Amino acid sequence: MTLLELQNQLKLQIRGAALARWGVELEGINAETPPRPDLGDVAFPVAFELARLIKQGTGIKVAPRAIAEELKPALEAPAEVSRVEIAGAGYINVFFDRAKLLADFSVSTLAPAETITDESRPKMMVEHTSINPNKAAHIGHVRNAVLGDTFVRILRAAGQRVEVQNYIDNTGVQVADVVVGFMDIEGMNLDQIKAMDQSLTGEQSFDYYCWDLYTRVGLFYRDDNPTADPNPEKLKLRTEVLHALEAGHNPTAELADYVATRNVECILDTMDRLDIRYDLLARESDILGLHFWDRAFELMKQAGVIRLESEGRSKGCWVMPFESHTGTEEHEADKVIVRSNGTVTYTGKDIAYQLWKLGHLGLDFNYRPFRTYANGQIAWTTSTVPNSDVLPEVPRPSFGGGVTVYNVIDSRQSYPQEIVARGVAALVPELGKSASVHFGYEMVALSVAACDDLGIDLSDDDRARPFIEMSGRKGLGVKADDLIDRLEVDARREVGSRHPELSPEEWQATAHEIAVGALRYFLLKFTRSTVIIFDFKEALSFEGETGPYCQYAAVRANSIFRKLDSQAPAAAWDLIRNAGSDEAIRTKVADALQGETGTEIWSLVMLAEKFDEVIAQAAASAEPANVAKYTFNLARAFNLFYHRHRIIAEGDATKKAVLVATADIARRQLTAALLTLGINVPERM
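The letter at position 45 of the sequence shown is residue 435 when you use our numbering, and the numbering goes up by one with no holes.
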């Protein structure tokens, strides 16, 4: 039995007793952790809520403490409960049978996690990363991808079936601008771009080339004067490219497709370095080519969800007549679905895509494999080519048709996302707005020190600001690969100084895992509503609340078991489990878990076993930072345990078994927590 299962059993006991005694049906019973171990292992303040409900239903006033006393026998029933105490005005404090529960944990800790493969199960869908495929990924993009990937891992750890999507906007303004750069600045055609791409070597890659070109295009539109307004004649080049992309099947569209696809390949390489992978890459060109929007447009007109404006600033536009929550012109524009010139807005295309994701569009993509990862997973991409052309030996999953869709998009897009959710709900009322969830987050900015490290010139006004916003058009930002490379160099230096006996390959492999741990944890430890001010010194720190600190705790735990006799862990768990049938052993195990030292050991066990509860809370709140904070707290608690106890040298067999079992639980749960954050545990640090 896990700790979460025991807590749920206790809640059922409370619910049954309340219904039988007072006829009250309780929902959402809270379980709290007492501030000190001497106050119990779990506390229930439910008597106060019950007192209110009883008075509301019967008019009879019953003191919460009296209610708690009547609930006490029900909570004493499970074998894992040692005793129940009523405290204060009606708090119910439950004390567990530590020896019994530790034996139970030996089974739950060793049990393999369930993998959801049944396609009949409801499916959660998470769309993340979704970088415009016009240049290299930067640190802001990485926050999106790391948040999305970690939330996917959290949902899967909670037992959900999940599909991961990455939306590829290969017909948008950003791609059009790079195409303008290649055609009108560089003077290249498709064959020349391919030749240039093949000639790139060393640190220069195609996405890096496009990064610099995209910056040049911004200046090109302004006649090389960064403070000037864009030249209308040059902006016409962008418009011409956009029309060519929407029309498709022309040389400009073919050039753009090559540019976007190559950037997608580079971006996927970057994300793969962080163990971030995808099930499906959905391309906007296929949404247009397969007429998803046309279908959605007809559905919206039939349902009366949109109307054609005949006057005002939106005259000639198809709009969704929802009231804006701010009334600003900017948000009014978000409600425009089709502009007066007939072009579809991002909001309109998002509604069509969202309807498909939820299985209510009535159309489907064609699909083809895009890449196979080292672990054998296939990332598929949408296509306009019939599915019959896909190799028959490659089985294709069923995509779309989710019950809940999480869209990982920064918080600045909150209102357009609200419009999308309301549009989908208006079209398919049985889904409701809750089927489409905006998983928002704040931006990543740069500290002044980070700009100095990058050699970025700042004005005096910029230096007076608390942070510097990144800008792709200005080339102002930290490329993701550069950041990972720098982290790896620093980690390799540290590993090499501590373990000179390792081979260069081992140094690099270890440095990579530490670098990924440092970056992912840095981006996850802040709540989604926090603006992250990126600073190299803080991100690269190996002390305090960092990924490497948590990894080091797990490495330490693993080192204990490498040094122990190979039979010691199994022998320890056998002794712990025998406490259930041997009273003498049970007494010794119970004694080892009492007193100040025993309670400290038990507190670590309880913290480690809260992992399932933390996962459930993080899945419900869609907040990966909860798992990051838990992981750090568990690492810190284990490090304290590691320093206070000499497990290998312990002479008392029972106490040693308790210490080994505690260390085993802690390392397994710490490793599981780190993996949920997308962080591996190196063999050495």
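Cβ atoms here follow ideal geometry from the backbone N, Cα and C, with glycine treated the same way.
Note that the coordinates shown come from a computational prediction; the quantities given were computed from them, not determined experimentally.
Through-space distance from ASP597 to GLN555, alpha-carbon basis: Annotation: GLN555 to ASP597 spans about 21 Å, alpha carbon to alpha carbon.
For HIS528 and LEU873, what's the separation of their Cα atoms in angstroms? Take the alpha-carbon of HIS528 and the one of LEU873: they are about 9 Å apart.
Less than 7 Å between C-beta atoms, sequence neighbours within five positions excluded: which residues of the same chain meet that for VAL414? Once the five neighbours on either side are set aside, the close Cβ partners of VAL414 are ALA408, LEU440, LEU443, ILE444, GLY447.
Alpha carbon to alpha carbon, what distance is there between GLN399 and ALA464? A straight line joining the alpha-carbon of ALA464 with that of GLN399 spans about 11 Å.
With DSSP as the reference, identify every bridge partner of TYR939, one or two as the case may be. TYR939 is not bridged to any residue.
Considering only their Cβ atoms, is the gap separating VAL1017 from LEU1067 smaller than 8 Å? In contact: LEU1067 and VAL1017 (Cβ atoms closer than 8 Å).
So for ILE923, helix, strand or coil by DSSP? The three-state secondary structure of ILE923, taken from DSSP, is strand.
Please return the same chain residues whose Cβ sits closer than 8 Å to the Cβ of VAL868, not counting the five positions on each side in sequence. If we look at VAL868 and ignore the five residues flanking it on each side, its Cβ neighbours are HIS528, ILE529, LEU836, ALA840, LEU844, MET860, PHE924.
Alpha carbon to alpha carbon, how far is THR1021 from VAL885? Straight-line spacing of the CA atoms in THR1021 and VAL885 works out to 23 Å.
Evaluate the contact criterion for the segment 941-956 versus the segment 1026-1034: three or more CB pairs, one atom per stretch, below 8 Å. Yes, the segment 941-956 is in contact with the segment 1026-1034.
Own chain, CB closer than 7 Å to GLU933, minus 5 neighbours either side, in chain order: Hits under 7 Å: TYR939.
Quick one: give me the first and last residue of the beta strand (DSSP E) that MET1078 is part of. A question about residue 1078 goes unanswered here, because the residues of the chain that appear run from 391 up to 1075.
When we look at the beta-carbon of TYR763 and count the other beta-carbons within 10 Å, is it buried (16 or more) or exposed? Burial check for TYR763: the Cβ neighbour count within 10 Å stays below 16, so the residue is exposed.
Reference GLU1084; option with closest CA among ALA410, ALA769, TYR911, ARG1074: A question about residue 1084 goes unanswered here, because the residues of the chain that appear run from 391 up to 1075.
Using 8 Å as the cut-off, can you tell me whether the segment 743-755 makes contact with the segment 783-801, which would need three or more C-beta pairs spanning the two stretches below that distance? In this structure the segment 743-755 touches the segment 783-801; the number of beta carbon pairs closer than 8 Å is three or more.
Please report the straight-line C-alpha distance between GLU895 and PRO1072, rounded to a whole angstrom. Across the structure, GLU895 and PRO1072 are spaced so that their CA atoms are roughly 13 Å apart.
First and last residue of the uninterrupted alpha helix (DSSP H) at PRO894: Residues 894-914.
Should GLU973 go down as buried or exposed, given a rule of 16 or more other Cβ atoms within 10 Å for buried? Exposure of GLU973 is indicated by the presence of fewer than 16 other C-beta atoms within 10 angstroms of its C-beta.
Closest to LEU909 by CA distance: which of THR920, SER893, LYS927 is it? Selected option, being the one with the closest Cα: LYS927.
Taking only the alpha-carbon atoms, compute the straight-line gap between GLY1078 and VAL516 and give it to the nearest angstrom. Residue 1078 lies beyond the stretch modelled for the chain, which goes from 391 to 1075, so this question has no answer here.
Considering just the uninterrupted stretch of the beta strand (DSSP E) at VAL552, what are its terminal residues? Counting along the chain, the unbroken beta strand (DSSP E) around VAL552 starts and ends at 551-558.
Cβ neighbours of GLU935 in the same chain (closer than 7 Å, five flanking residues each side left out): The residues LYS915, PHE1022, in chain order, have a CB closer than 7 Å to that of GLU935 in the same chain once the five nearest residues on each side in sequence are set aside.
Tell me the rounded alpha-carbon separation between GLU674 and THR737. Whole-angstrom Cα-Cα distance: 13 Å.
So what's TYR796 in DSSP terms, helix, strand or just coil? In this structure, DSSP gives TYR796 an extended state, which the three-state scheme calls strand.
Leaving out five residues on either side along the sequence, give the residues of the same chain with a beta carbon under 6 Å from the beta carbon of GLY752. Answer for GLY752: no residue qualifies.
Roughly how many angstroms lie between the CA atoms of VAL542 and VAL552, to the nearest whole one? Cα-Cα distance, rounded: 7 Å.
Is the beta carbon of ILE809 sitting closer than 8 Å to the one on PHE712? In contact: ILE809 and PHE712 (Cβ atoms closer than 8 Å).
Work out the CA separation of ASP665 and GLY907 for me, nearest whole Å. Inter-residue distance for GLY907 and ASP665 is about 11 Å (C-alpha atoms, whole angstroms).
Counting only the same chain and skipping the five closest in sequence on each side, list residues whose C-beta sits under 8 Å from that of TRP683. Only ILE677, VAL734, GLY738, LYS739, ALA742 meet the Cβ criterion.
Under the three-state DSSP convention, the category SER826 falls into: It is a strand residue.
Between VAL536 and the rest of its own chain, which residues show a CB-CB distance below 6 Å, the 5 nearest in sequence each way excluded? Taken in chain order, the residues that qualify are ARG910, LEU913.
Segment limits, beta strand (DSSP E) that includes THR561: First-last for THR561: undefined, no H or E at that position.
According to DSSP, residues forming a beta bridge with LYS513: For LYS513, the pairing in a beta bridge is given by DSSP as ARG551.
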